[in-house]
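Right, one structure below, let's go through it.
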Amino acid sequence: MDLAVKRIEKAIGNKERILIYGDYDVDGTTAVALVYKFLRRFTNNIDYYIPDRYDEGYGISYQGVDYAEETGVKLVIALDCGIKAITKIDYAKEKGIDFIIGDHHMPDDELPKAVAVVNAKRVDSIYPYSELSGCGVGFKIVQAFSIRNNLPLSEITSLLDMVAVSIASDIVPMTGENRILMYHGLKQLNSNPNFGLKGIIDICRLGRKQLTLEDIVFKIGPRINASGRMMNGKEAVELLLSPNMTSARIKTKSIDQYNADRRELDKKITKQAINYIDNHVNIESLKGIVVYNETWHKGIVGIVASRLTERYHRPAIVLTKSNGMISGSARSVHGFDVYKAIESCRDILENFGGHTYAAGLSLKEENLPEFKRRFEAISFDEIEVGTIRPQLLVDLEISLSTITDKFVEGLAKFAPFGPDNSNPVFLTRGVVDDGGSKLVGRGLQHIKMEVVDATIDKPIQAIAFGFSDFFKELKQYQPIDICYTIEKNRHSGKVFTQLMIKDIKLSTR
């Protein structure tokens, strides 16, 4: 870190041109916007670069290095990428361009020959927390620069809204320092977000509620991601750097349309993948899925892999053809390290990277059958049968009378929730309708419930998404058992406790 900060100081002092380089997803674009916005305070001799997903692919590209040379750049700060870009960094060194790598992906044994490699996953790292997002690493570089130059840290707290968006969207563990950054980032996002994020909040009609991690995951993050999926992630950076709300609203409308287009492609490709698996794959004989179609949109395959993992409860790799190579994304289930599984096939891969539960890869077409065979064999050997069945882990069985204001306030102290710090799931048996339950939503697929059990008289509100099949029994006052998380909901200026139903079954007691 010291080497990184000193090199940045040198570049600023010598008026060298600096290029902030990052990945095209939410984590990369927020990282680029954060570091660029901060360093612009000290130099105008600065630019940023997001590689094109389709022409350049993930990470540092030769085209990106050429762009740096053509524009007179002497220092590149690469964020959320670069940890494996050994040949690209060597190529840059030949051109007299220095690199600082700020990454959070798993490194290989050999590191790039950069001026500094900031990555807490390095085997020689002494940093006490190794699960930062890429934007989180960017924030730590900014923080280190501020400390070294005696700048008040209060001046960088305004950047934490972007850190929160990256943490939620990149699905990193909600533990340790990430939880602290997420807590303060959510405060910033709710109180004074940057213009670009405010534009997304407004177009999602989230402005009147207290924003949560779920709002980022399902509303804000996908819109930022849509830019890199459908066009170029540079537009997302432009949005995050919007100088005013007028500019932000214009860019938000464009990105919102990308997201709408992305949803349509998502539905189409997911349907095609499911149809192929159901008709051509003996899914019961497999514990891992690999599907390929050369026509599928490269920017959508990661989402489709997530859909397949949710549907079949197995790790899924979805591949397509791009620039003559087979490339795609992997998603995993709890207990299976998809990154390590892919890494074990590295001798037949051109490129790969990622985390325990999500990864990307590329390979030559002639190696696809062998890769598919190996991945299916690894997943079959390592995944236990119980893992490929739907599972809902219950933390505690309670009666509804347990859910007091004090109890809910106590639960809130464990937030923010996320991977490795899940919102507790409770089980209550013998719940019945109090008379106020009704079907809601498009197609009336959801139940807005008012329920009681033997321990309370005043009903508690609950929402059960996709459980309309139980409505008949509920209205007949048949007792049901429910699994749920507990949230505070805000509506029409009122705050009330609401159960978020995760599963329902008819009571047998």
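Counting with our numbering, you get residues 18 to 526 for the letters of the sequence shown. Glycine is no exception: its CB is placed at the ideal position from the N, C-alpha and C atoms.
Ala277 counts as exposed, since fewer than 16 other C-beta atoms from the protein chains shown sit within 10 angstroms of its C-beta. Linking Ile334 to Val189 through their CA atoms gives a straight-line distance of about 20 Å. Per DSSP, Asn207 lies in no beta strand (DSSP E) segment; the continuous alpha helix (DSSP H) that holds it begins and ends at Gly193 to Ser208. About 7 Å separates the beta carbons of Glu252 and Ser271, which is inside the 8 Å limit, making them a contact pair. No Cβ-Cβ contact shorter than 9 Å links Ser396 with Ile343. By alpha-carbon distance to Ala479, the top candidate from Ser323, Leu456, Gln495 and Leu428 is Leu456. For Cys500, the three-state secondary structure derived from DSSP is strand. The beta-bridge partner set that DSSP reports for Ser346 consists of Val335 and Gly377. Take the alpha-carbon of Ile217 and the one of Thr269: they are about 6 Å apart.
Under the rule that a run must span 3 or more residues, the beta strand (DSSP E) segments found entirely inside the stretch 84–166 read 90–96, 115–119 and 133–135. Taking C-beta separations shorter than 6 Å and ignoring five residues to either side along the sequence, the partners of Ser349 in its chain run Pro332, Val355 and Tyr374, following chain order. In terms of Cβ geometry, Leu444 and Cys500 form a close pair [threshold 9 Å]. In this chain, the beta strand (DSSP E) harbouring Gln478 covers Ile477 to Ala481. Annotation for Leu206: Asp178, Ala181, Leu214 and Leu228 place their beta carbon closer than 7 Å to its own, counting only its chain and skipping 5 residues before and after. Excluding sequence positions up to five before and after Ile173, its CB lies within less than 8 Å of the CB of Phe55, Phe156, Val159, Gln160 and Ser163, all in the same chain and listed in chain order. Approximately 6 Å separates the beta-carbon atoms of Val52 and Ile94; this is inside 8 Å, confirming the contact. Annotation: the continuous alpha helix (DSSP H) that includes Ile294 extends over Met262 to His297. The C-alpha of Gly483 is placed about 18 Å away from the C-alpha of His330. Contact annotation: Val49 and Ser186 have beta-carbon atoms that are not nearer than 9 Å. Secondary structure note for Lys519: its beta strand (DSSP E) is the uninterrupted segment Lys511 to Leu523. In the DSSP annotation of this structure, the continuous segment of the alpha helix (DSSP H) that includes Tyr356 starts and ends at Val355 to Glu360. Counting along the chain, Tyr53 sits inside the alpha helix (DSSP H) bounded by residues Val43 to Leu56.
In chain order, Ile220 and Arg240 place their CB closer than 7 Å to the CB of Asp273, counting only its own chain and leaving out the 5 sequence neighbours on each side. Contact check for Leu96 against Ile63 fails: the beta carbons are separated by 9 Å or more. When C-beta atoms of the stretch 121–130 are compared with those of the stretch 100–110, three or more pairs fall below 8 Å, so the two segments count as touching.
Note on Thr287: 16 or more other CB atoms within 10 angstroms of its CB, so buried under the neighbour-count rule. With contacts defined as CB atoms closer than 9 Å, Ile497 and Val448 qualify as a contacting pair. In the three-state DSSP reduction, Glu414 falls in the strand class (E or B).
Taking a C-beta distance under 9 Å as the contact criterion, Asp115 and Leu92 qualify as a contact pair. Of all alpha-carbon atoms in Asn506, Phe59 and Lys519, the one lying nearest the alpha-carbon of Leu223 is that of Asn506. Partner residues in the beta bridge of Met466, as assigned by DSSP, are Ala479. Just measuring C-alpha positions, the residue of Lys475, Gly30, Arg280 and Gly193 sitting nearest Asp437 is Gly193.
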